[in-house]
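Engineer: First the structure, then my questions, so here it is.
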Amino acid sequence: MAVEFTVLGDVEARIDGSPVDLGHVRRQCVLVGLLVDANRVVPLDRLADRVWGERAPRGARQALYSYLSRLRTALSHEQVRIARRPGGYVLSLEGAMVDLHRFRGLIAEARRADGDAGRATALREQALALWRGEAFASLDTPWLNDLRDTLHQERLAAELDRNDLLLRQGRQGRLLAELRERAAQHPLNERLAAQLMLALYRDGRAADALACYDRVRRDLAEELGTDPAPELRRLHRRILNADPALAGPPAAEARAGAASGAGAESGAAVRSPAVGEAPRQPAATAGPVPRQLPPPPRQLIGREAELAALTDALPAAGTGMAITVICGVGGIGKTSLALRWGHDSLSRFPDGQLHADLRGFDPALGPVEPEAVVRAFLVALGVDGKAVPADPVAQVGLYRSLMADKRMLVLLDNARDADQVRPLLPGSPRSMVLITSRDRLGGLLAAEDARPLPLGTLRPDEARRLFTSRLSASRVAAEPDAVRDIVASCARLPLALAVAGARALASPALPLAQLAAELRETETRLDALDTGDLATCLRAAFDSSHRALDPTAARLFLLLGLAPGQDTGLRAAAALAALTTRQARVSLRTLEGAHLVQQHAPGRFRMHDLVRLYAADRGVHDLRAAEREDALGRLIGYFTHTSAAGHALLDPHGVPAPLDDPEGFEPHRPVDQAEAMAWFDAEHGSLLPVQRLALETGRHREAWRLAWCTDMYFWRRGHIHDSVASCRMGLAAVRRLPGPDATLDRAVAHRRLGLAVLRADPDPLAPLPHLRRALALFEETGDALNQAHTHQALAAVQENAGDDEGALRHAARSLELYRPLGDVMWTANALNTLGWFQARLGRYAAALANCRASLAVCQELGYREGEASAWDSLGYLATRTGRHAEAVGHYRRALGLRRALGDRYEEADALVRLGEAYQALGRHALARLCWRRALDRLRVQHRAERARRVEELLGAAGSTPGPGGRRLAGQAARG
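Dropping the structure here:
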């Protein structure tokens, strides 16, 4: 078709195959608001509600006219027309142009065709194929969120209907993987659980089907306090009784049902049985069937999902050879998982199993050559050793010829890289290759269509079971705290837990508390997990992975172990190792492939706790002290320079002295406030650790600079306790700074710490010692500007202490100090603060004049934080004088500015006050909505007292509460 709209995923439009630029998200919301009701008039007020919800700006109608005009231009085509009609607007087009309407049309047609199972199935498949992800993926409004939930329920219902049809046709094999995924997403959906149970039972996995029922039963009891529905209980009993009627239609009937629908597999009337069906007898061979799997582990705790994934990866007829790579860090349990599944699946491979330990990371013997493995496999397959061809290419050809018609499991353990594995792939579409490796073997994933199965650590309960599995119940019960500490020190790594358990088992008189104490000490933890046996030694496992790295990646690995924080960004890693960003990306990719780091978010890398401990230990011994010191200095420099660049955007009125030029690293320089906040958000977990490192290593100027340049970020995001910690370190650092500026720096550090304590400490007078000390130092040096800033802070302290008259005196004094300095912005700020306290004391005329004067100046300067504070004060004034509708307008403007600034702390308070205004107007539902949203933010910010007061408001929704606690006016007090 010439025009096509898609909303079941990202919102997109194409005309004659070319994408249309739909503009920003608001314009896309307008388009979706019309598309959903295509060919029907959408009233303008309803369209505004769909775009903004309750937050529609004053100029919403004018904005809509602009958006509609631009959409008309962008969608200029004879088949599409946006026209104004009495009461609203209509988007005229053919319904088939919109994937949403095609989806609903196909589902309706499928319901009408339910008498024809094949056609009904095909129609639903066609409808579901229209989905490309989450509906309206990039858009977020209350109306769209509700519609998105509705559509996802429609999608799930269509999937469940389709599943029922496929199960009736005996085509459950193709459903298993999807059913597992959906059941994990909807654990309480009993219809979905019944479908999964039936599919598992027909796949010969009755135990898994019964386990599925037990999980659903437990989840229903815990979440809803109910039992499964009668239908699910009946299915459970039928599975227990092996009811023959559950077997489904015969194979021929299933094939006929599959072939009748559009897209059914062609040529499926005659085929060999696939793996997973009833096994056939092995073909006659000249020698015994190879059974080379080593013994299975004595027990395998956890890994149920991974075992199921391996079963789901079994090859089906006509789909080609199945290759799965179990990958993960050394000691994670890859071989145990592979052997356990292999032994549990022997009946699926009637022609035997081949196994080879490729020794990819063996520190003593080195990797096995593929030619040696191929030769051994040929002998196992019955080829006389003397008849094995000498040419390696001929050997591989013979190996694949012998494997061509067999159903076998080939387990390749401890592979080093893809090149070592490729000659060992049999090429048989009916065999399965299972590979374990510390590397992801990306070459196999790309070229051979292998499936990765990455292994992570065990769940906490699984880790505890593994450690205690061989210990007596009485010993475990006697020292529960020690057991918890041991499991935590082993960081849920299976090898570490097994070694710790073996030590406890071998020394029955050893108190578990003593073992826990050894493991708690980072200096001795790896030694405590050393068995003396290379095969089970944790340090040896990490050593072999480290030795396999190229020199650049190996050095970066050791430096990452020394870096503070829980993870490291790409640019920070580059600074740490004095690499370019491109070089760091290559080395990090190498480390990720070796499972020594994990990219848990785009561009952010972290290590398993024990891997980090190993890297730090090796770094101290393998890297020179000067090299380590330089690397950490570059890291601190990167954070200092980038924080300064971000702070300059967030607070251009409070920029400290310039920094020296960066040496050996390239700082990140955000281009706008949004990018600056994004960088701070990403590095939030590293800001305090890096500042602490700077303080501990004597880089006091950098530690003080980091306190200065992270303060605005912590302030806006509501990280009040981080702010206190950072300011305390800043004060400690500045006390050690030499030079003539030290007095001023100490005074600023005291004021900043006082402000941080003002937010975090429930004692309203706790900030006073720091603020009084700051004021004394500023008076001593004659610094009028900073005296004024400090009086602003003291006003906030007096307000929190309930002394509005005292607060007013400090506010007036700050204005007296600002005015002679000629700084228009600070004067405007002080006018608003003065107006606020005048309003609290009932001096409304003076308050209104001062707040309006402040607003006018802030708007003229483009000073959004000051403007938000002024609107907030005007909202408070309107509330106090009974003009609640006006107050709503003022508070909504303040709230919009807070959100634009990313100021989540003040946003929470603005929501509380907006809720108060709605409550006074009798709009109780909107009041409760504001308070609930405020409560969510207050809890995240750990503002317990404020959260408790909001909970009281929600509990007594009929009363009109008094005004909440006051935010500091603008940023004067933080200057």
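Taking the numbering used here, the leading residue of the sequence shown gets 86, the next gets one more, and so forth. Yeah, the Cβ is synthetic: ideal placement off N, Cα and C, and Gly gets one too.
May I have a chain-ordered list of the beta strand (DSSP E) segments no shorter than 3 residues that lie completely inside the region 172 to 249?
Structural biologist: For the region 172 to 249, whole beta strand (DSSP E) runs of length 3 or above, ordered along the chain, are 173 to 177.
Engineer: Roughly how many angstroms lie between the CA atoms of P511 and D504, to the nearest whole one?
Structural biologist: The alpha-carbon atoms of P511 and D504 are separated by roughly 14 angstroms.
Engineer: Going by other Cβ atoms of all chains shown within 10 Å of its Cβ, with 16 needed for buried, is A98 buried or exposed?
Structural biologist: The residue in question, A98, is buried, as its Cβ has 16 or more Cβ neighbours within 10 Å.
Engineer: Roughly how many whole angstroms lie between the Cα atoms of E945 and G951?
Structural biologist: Taking the straight line from one Cα to the other gives about 11 angstroms.
Engineer: Alpha carbons only, please: which of L986, A306, A601, P514 is nearest the one belonging to P400?
Structural biologist: Ranking the options by Cα distance to P400, first place goes to P514.
Engineer: Which residue marks the beginning of the alpha helix (DSSP H) containing Q505, and which one marks its end?
Structural biologist: 503 to 506 is the extent of the alpha helix (DSSP H) around Q505.
Engineer: So what's V355 in DSSP terms, helix, strand or just coil?
Structural biologist: The predicted position of V355 is uncertain, since its pLDDT is 26 and thus under 50; a value taken from the coordinates is nonetheless stated next. If DSSP states are grouped into helix, strand and coil, V355 belongs with coil.
Engineer: Given a threshold of 16 other Cβ atoms within 10 Å of its Cβ, counted over all protein chains shown, does R300 qualify as buried or as exposed?
Structural biologist: Answer is exposed; the Cβ neighbour count stays below 16.
Engineer: Could you tell me the alpha carbon to alpha carbon distance between G1007 and T964, rounded to whole angstroms?
Structural biologist: For G1007 and T964, the distance between alpha carbons rounds to 14 angstroms.
Engineer: With which residues is C943 paired in a DSSP beta bridge?
Structural biologist: Paired residue(s): none; C943 is not in a bridge.
Engineer: Could you check what DSSP says for N124 in three-state terms: helix, strand or coil?
Structural biologist: Reduced to three states, the DSSP call for N124 is coil.
Engineer: T91: which of S161, Q147, F188 sits nearest, CA to CA?
Structural biologist: Looking at the Cα atoms, F188 is the closest of the given residues.
Engineer: Would C412 and R525 be called neighbours here (beta carbons separated by less than 8 angstroms)?
Structural biologist: Yes. Within cutoff.
Engineer: Beta-carbon within less than 7 angstroms of T727's beta-carbon, same chain only, minus the 5 sequence neighbours each way: which residues are those?
Structural biologist: Correct list, in chain order: P752, H753, W764.
Engineer: Are the region 554 to 563 and the region 433 to 445 touching, with three or more C-beta to C-beta distances below 8 angstroms?
Structural biologist: No: the two stretches stay apart, fewer than three of their Cβ pairs being nearer than 8 angstroms.
Engineer: Whole angstroms are fine: how far does the CA of T420 sit from the CA of R485?
Structural biologist: Their backbone Cα atoms lie some 25 angstroms apart in a straight line.
Engineer: Given T553, which residues of its chain have a CB within under 6 angstroms of its CB, disregarding the five upstream and five downstream residues?
Structural biologist: Hits under 6 angstroms: V561.
Engineer: Is it buried or exposed, N326, if we count other Cβ atoms within 10 angstroms and call 16 or more buried?
Structural biologist: Answer is exposed; the Cβ neighbour count stays below 16.
Engineer: Could you check what DSSP says for L519 in three-state terms: helix, strand or coil?
Structural biologist: Strand at L519.
Engineer: Tell me which residues share the same chain as V909 and place their Cβ nearer than 8 angstroms to its Cβ, disregarding the 5 neighbours each side in the sequence.
Structural biologist: Hits under 8 angstroms: V942, L946.
Engineer: Identify, in the order they occur along the chain, each residue of the same chain with its Cβ nearer than 7 angstroms to the Cβ of R821, setting aside the five sequence neighbours on each side.
Structural biologist: H785.
Engineer: Given L838, which residues of its chain have a CB within under 7 angstroms of its CB, disregarding the five upstream and five downstream residues?
Structural biologist: Closer than 7 angstroms at the Cβ level, and outside the excluded window around L838, lie C812, R813, L816, H855.
Engineer: Could you give the residue range of the beta strand (DSSP E) that holds H685?
Structural biologist: Taken as a continuous stretch (DSSP letters only), the beta strand (DSSP E) holding H685 covers 683 to 686.
Engineer: Where do the ends of the alpha helix (DSSP H) carrying P854 lie?
Structural biologist: Per DSSP, P854 belongs to the alpha helix (DSSP H) from 853 to 866.
Engineer: Report yes if the C-beta distance between H876 and L902 is below 8 angstroms; otherwise report no.
Structural biologist: In this structure, L902 lies closer than 8 angstroms to H876 by Cβ.
Engineer: What number of angstroms, rounded off, separates the C-alpha of E533 from the C-alpha of I408?
Structural biologist: If I take the Cα positions, the gap works out to 8 angstroms.
Engineer: How is the beta strand (DSSP E) around D410 delimited, first residue to last?
Structural biologist: According to the sequence provided, residue 410 is Val. The question's Asp does not apply to it. 407 to 412 is the span of the beta strand (DSSP E), which, as asked, contains V410.
Engineer: Can you name, in chain order, every residue of its own chain whose Cβ lies under 7 angstroms from the Cβ of L93, other than the five neighbours on each side?
Structural biologist: Result list for L93: D184, L185, F188, L215, W216, R217, A220, in chain order.
Engineer: By Cβ distance below 7 angstroms, which residues in the same chain neighbour G1085 in space, the five residues on each side in sequence not counted?
Structural biologist: The requested residue 1085 does not occur in the structure, where the chain is confined to residues 86 to 1060.
Engineer: Give the DSSP-derived three-state secondary structure of Q438 in the structure shown.
Structural biologist: Three-state result, Q438: strand.
Engineer: I'd like to know whether the C-beta atoms of L919 and A878 end up nearer to each other than 8 angstroms.
Structural biologist: Not closer than 8 angstroms, so no.
Engineer: Suppose the cutoff is 6 angstroms on Cβ atoms and the five residues either side in sequence are ignored; what does the same chain contact list for S939 look like?
Structural biologist: Cβ neighbours of S939 beyond the five flanking positions: A913, L916, N917, A955.
Engineer: Going straight from the alpha carbon of I192 to that of W793, what length do you get?
Structural biologist: Those two C-alpha atoms are separated by around 59 angstroms.
Engineer: Given Q251, which residues of its chain have a CB within under 8 angstroms of its CB, disregarding the five upstream and five downstream residues?
Structural biologist: Reading off the sequence shown, one finds Leu at residue 251, where the question assumed Gln. So the qualifying residues of the chain are T206, Q257, R259, L260.
Engineer: Let me make sure I understand the geometry here. Which of L695, A123, H271 has the alpha-carbon closest to that of I417?
Structural biologist: It is L695 whose Cα lies nearest to the Cα of I417.
Engineer: Grab the span of the alpha helix (DSSP H) containing V136 for me, first residue to last.
Structural biologist: Looking at the DSSP string, the run of the alpha helix (DSSP H) that includes V136 is 129 to 137.
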